[in-house]
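Visitor:
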Amino acid sequence: MGHSVPKIIELEIGQVIGTTEFLLTRDSLVRYAGASGDFNPIHYRDDVAAAVGLPGVLAHGMLTMGAAVQVAVDWVGDAGRILDYQVRFTKPVVVDPVLGATLVVTGTIGAIDAEARTARIDFEAIFDETKVLGKAQAVVRL
Amino acid sequence: MVNINLQGKTYLPTAPYLVGREKVREFAHAVKSTNPTSFDVFAAQTAGYTDLVAPPTFAVVIQERSLATVLADPEAEIDFSRVVHGDQRFIHARPIVAGDELTSELTVASVKTLGAHSMVTFETKIFDVAGALVCTAISTLVVRGDE
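Those sequence lines, one after another, are chains A and B. Residues 0 to 141, numbered by numbering that gives the first Met the number 0, are exactly what the first sequence covers, in order. Residues 0 to 146, numbered by numbering that gives the first Met the number 0, are exactly what the second sequence covers, in order.
#1: Report the option in E104/B, A53/B, D78/B, S32/B whose CA atom is closest to the CA atom of A66/A.
#2: If you measure beta-carbon to beta-carbon, which residues of the stretch 78-110 of chain B are closer than 7 Å to chain A?
#3: Using a Cβ cut-off of 8 Å (strictly closer), state whether K124/B contacts chain A.
#4: Chain B beta carbons: is any one of them nearer than 8 Å to that of P5/A?
#5: R30/A touches chain B at which residues, Cβ-Cβ below 9 Å?
#6: Would you kindly work out how many angstroms separate the C-alpha atoms of P40/A and V83/B, rounded to a whole number?
#7: Should T18/A be labelled buried (16 or more other beta-carbon atoms within 10 Å of its own) or exposed?
#8: Go ahead and label R80/A buried or exposed: buried means 16 or more other beta carbons lie within 10 angstroms of its beta carbon, across all protein chains shown.
#9: Nearest to I150/B by CA position, among F41/B, V119/B, I125/B, G114/B, is which residue?
#10: Could you tell me the alpha carbon to alpha carbon distance between V69/B and Y10/B, rounded to whole angstroms?
#11: Quick check on the DSSP output: the beta strand (DSSP E) that includes S103/B runs from which residue to which?
#12: Using beta carbons (cut-off 8 Å, strictly below), is P40/A in contact with chain B?
#13: What are the boundary residues of the alpha helix (DSSP H) that includes Y84/A?
#14: So, do the stretch 18-25 of chain B and the stretch 55-73 of chain A have three or more beta carbon pairs nearer to each other than 8 Å?
#15: Would DSSP call V56/A helix, strand or coil?
#16: For E63/B, go through chain A and note every residue whose CB falls closer than 8 Å to its CB, in chain order.
#17: Could you tell me which uninterrupted beta strand (DSSP E) segments, each at least 3 residues in length, are contained entirely in the stretch 17-94 of chain B, listed from first to last along the chain?
#18: Mind reading off the beta-carbon distance from G98/B to D50/B? Whole number of angstroms is fine, and I expect it under 8 Å.
#19: Say whether chain B places a C-beta atom closer than 8 Å to the C-beta of D77/A.
#20: Short check: CB of R24/B to CB of F41/B, under 8 Å?
#21: Mind checking which residues open and close the alpha helix (DSSP H) that includes Q69/A?
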């Protein structure tokens with residue numbers, strides 16, 4: 000395969016590993032509902048979202064989480080090297096029925112453990128000029 | 000309001016879930032992955048795995064099955080339409096790969112009340128057919144109360 004794992008000695012804290020823009024549409028939410036088994040209607044029904052006081056249909060937090068980590072997966076080149084991954088869902092991602100929602104995710108090296116051969120990647124996920132994830136971190140095996 | 004007595008409750012393990020190749024591809028596509036280890040068996044095997052590698056958040060599929068048991072539990076008193084996800088963590092002992100047969104055991108780690116809202120933290124341990132721990136999934140749900 001063409002992809003090689005980044006070398007730990009060449010990494011620096013604060014180094015940006017990549018930025019990816021994800022377009023989340025209502026289609027994305029339906030697809031994610033089916034793939035994950037999370038059929039909470041707040042993710043596809045405007046009436047239910049409104050009835051429980053939400054500003055609109057929201058993206059599954061798990062879709063945002065699942066997409067954000069792809070920045071690290073692409074960087075390390077292997078989905079099996081993400082050892083530990085956590086996020087806090089701090090702001091909802093409201094998905095417009097026509098325009099969808101654009102999520103911009105940047106991954107930065109937050110810590111390096113040369114002995115354990117791991118790096119911690121910190122993610123920033125921006126929607127509508129606001130951070131939607133807090134303490135979004137993945138430990139990656141190098 | 001979530002029943003405070005739920006704290007510490009452990010639910011029965013779920014029936015075995017067989018991780019299929021097409022499910023891995025479907026999930027990977029849904030989370031906007033393009034990584035070959037989740038789509039191409041040859042790429043996965045070249046990287047050292049027996050079969051397709053599930054994306055890092057795939058364990059949510061298994062967690063979801065355990066959560067469904069909780070939401071169906073009348074004692075839990077959780078209104079699904081009022082649930083918002085607070086936080087989530089996956090600690091992997093090893094990656095999930097196609098062909099794995101997984102069961103999960105969920106424990107309600109804590110129930111907290113914040114004004115009208117409740118916060119419930121679940122810890123789901125996912126085991127393979129040999130009984131080895133594959134992943135620990137920790138999830139906090141916020142159940143929004145009447146304002």
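Positions of the beta carbon are idealized from the N, C-alpha and C atoms, including for glycine. All figures in this text were calculated on a predicted structure; none of them were measured in a lab.
Guide: To lay it out plainly:
#1: The residue with the shortest Cα to Cα distance from A66/A is S32/B.
#2: Those residues of the stretch 78-110 of chain B that come within reach of chain A (Cβ to Cβ, closer than 7 Å) are F79, S80, R81, V82, H84, G85, D86, Q87, R88, F89, I90, H91, P94.
#3: It does not: the Cβ of K124/B has no partner Cβ on chain A nearer than 8 Å.
#4: Among the CB atoms of chain B, none fall inside 8 Å of the CB of P5/A.
#5: Chain B residues near R30/A: E25, H28, A29.
#6: One Cα belongs to P40/A, the other to V83/B, and the distance between them is close to 12 Å.
#7: T18/A should be labelled exposed.
#8: Classification for R80/A: buried.
#9: Absent from the model: residue 150/B. The displayed extent of chain B is 0 to 146, so no value can be given.
#10: Going by the C-alpha atoms only, they are around 8 Å apart.
#11: It spans 100-113 - the beta strand (DSSP E) in which S103/B sits, taken as one unbroken run.
#12: By this cut-off, P40/A is an interface position.
#13: No alpha helix (DSSP H) holds Y84/A; the beta strand (DSSP E) holding it covers 81-88.
#14: They do not touch, by the three-pair rule.
#15: Coil.
#16: Within chain A, the residues near E63/B are S35, G36, D37.
#17: The qualifying runs are 82-91.
#18: In this structure G98/B is in contact with D50/B, their Cβ atoms being roughly 5 Å apart against a cut-off of 8 Å.
#19: Chain B contact via Cβ: present.
#20: For R24/B and F41/B, no; Cβs fall outside 8 Å.
#21: Residues 69-75.
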